[in-house]
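Asks:
In the numbering used here, the protein residues as written are 27 to 284.
#1: Would you kindly work out how many angstroms separate the C-alpha atoms of residue 203 and residue 196, rounded to a whole number?
#2: Could you tell me whether the stretch 236-249 touches the stretch 117-129, where touching means 3 or more Cβ pairs closer than 8 Å?
#3: Determine, using beta carbons only, whether residue 230 and residue 167 come nearer to each other than 8 Å.
#4: Can you find the residues in the same chain that come closer than 6 Å, C-beta to C-beta, to residue 40, ignoring five residues on each side of it along the sequence?
#5: Less than 8 Å between the beta carbons of residue 261 and residue 123, yes or no?
#6: For residue 198, which residues in the same chain have their Cβ closer than 8 Å to its Cβ, ignoring the five residues on either side in sequence?
#7: Could you spell out where the beta strand (DSSP E) holding residue 143 opens and where it closes?
#8: Thinking C-alpha only, which one of 233, 120, 150 is nearest residue 274?
#9: Look up residue 202 in the DSSP assignment and say whether it is helix, strand or coil.
#10: Does residue 177 pass the burial test, meaning 16 or more other C-beta atoms within 10 Å, or should it be called exposed?
#11: For residue 86, which residues in the same chain have their Cβ closer than 7 Å to its Cβ, ignoring the five residues on either side in sequence?
#12: Just the C-alpha distance for residue 158 and residue 143, rounded to the nearest angstrom, thanks.
#13: Within 10 Å of its beta-carbon, does residue 281 have 16 or more other beta-carbons around it, so buried, or fewer, so exposed?
#14: Anyone know if the C-beta pair for residue 57 and residue 271 falls short of 8 Å?
#15: How about residue 90 and residue 54: do their beta carbons lie closer than 8 Å?
#16: Identify whether residue 27 lies in helix, strand or coil by the three-state DSSP scheme.
#17: Which residues in the same chain as residue 113 place their Cβ atom closer than 6 Å to its Cβ, once the five residues preceding and following it in sequence are excluded?
#18: Can you check whether the CB of residue 109 is closer than 8 Å to the CB of residue 242?
#19: Excluding the 5 residues flanking residue 218 on each side, which residues of the same chain have their C-beta closer than 6 Å to its C-beta?
#20: Given a cut-off of 8 Å, decide if residue 170 and residue 193 are closer than it, judged by their beta-carbon atoms.
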């Protein structure tokens, strides 16, 4: 008797259908999937039919099974909703622990846009950043939002951007930005020190979704004189709430943090 459960066989069948996509094949027939798995056709057929009935697969022309992409769309929409609702919880918790302005940002082209904020009265920050874009090369969230991007991808994002000076430490060019990004990755969080404007200091971490994609950045922002001396304490709270929000979005860290 097979030691693999019916659920396990079904998952293997769905994964086998998906594994054909990178090779340019949208899916496969029962015979195709059975050959890929090296399994009996009748057993694979039952698994594929069950997966279709449960909505994981769709059956098209020539009796070929394909992934049901509507499930991914639904999951993506749910992630966006959770980012808004659970993002509020993370912002409130982080602001409560740090007593600093806390923000949630997303990347839009070569700019970042704030989608959530919590600003304690004691932080002395004035005004709202909700919906306001800022150049990603010097914004509080920029490095964290490009955390997983390759050097080539970062260069493409900034290919038509003039690195205008916004603060005394604004990056000079894309290579300067990449150098700071590498330092942030090694540290575990970014530090934007008077890059966005004079006297402004911030820490940020990337927020990943269930696919492992960076979908947002969680930030602690304040004056340099107030926040820099408390950097380690605020960074600890930031990392903790960042992991909490990622968990809420379905992200699972790889073993050993890799």
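Beta carbons: idealized from backbone N, C-alpha and C, even for Gly.
Replies: Straight from the coordinates:
#1: Roughly 9 Å between the two C-alpha positions.
#2: Yes, they touch.
#3: In contact: residue 230 and residue 167 (Cβ atoms closer than 8 Å).
#4: The residues are 77, 82.
#5: In this structure, residue 123 does not lie closer than 8 Å to residue 261 by Cβ.
#6: Closer than 8 Å at Cβ, skipping near neighbours: 189.
#7: Per DSSP, residue 143 is one residue of the beta strand (DSSP E) stretching across 137-144.
#8: With distances taken between Cα atoms, residue 274 lies closest to 233.
#9: Correct three-state label for residue 202: helix.
#10: So residue 177 counts as exposed.
#11: Cβ neighbours of residue 86 beyond the five flanking positions: 92.
#12: Their backbone Cα atoms lie some 12 Å apart in a straight line.
#13: Model confidence at residue 281 stands at a pLDDT of 44, short of 50, so the residue's coordinates are unreliable and nothing is read from them.
#14: No. Outside cutoff.
#15: Yes. Within cutoff.
#16: The predicted position of residue 27 is uncertain, since its pLDDT is 38 and thus under 50; no value can be drawn from it.
#17: Excluding sequence neighbours, residue 113 sits near 130, 142.
#18: Yes, the pair counts as a contact, with Cβ atoms nearer than the cut-off.
#19: Around residue 218: 166, 228.
#20: The beta carbons of residue 193 and residue 170 sit no closer together than 8 Å.
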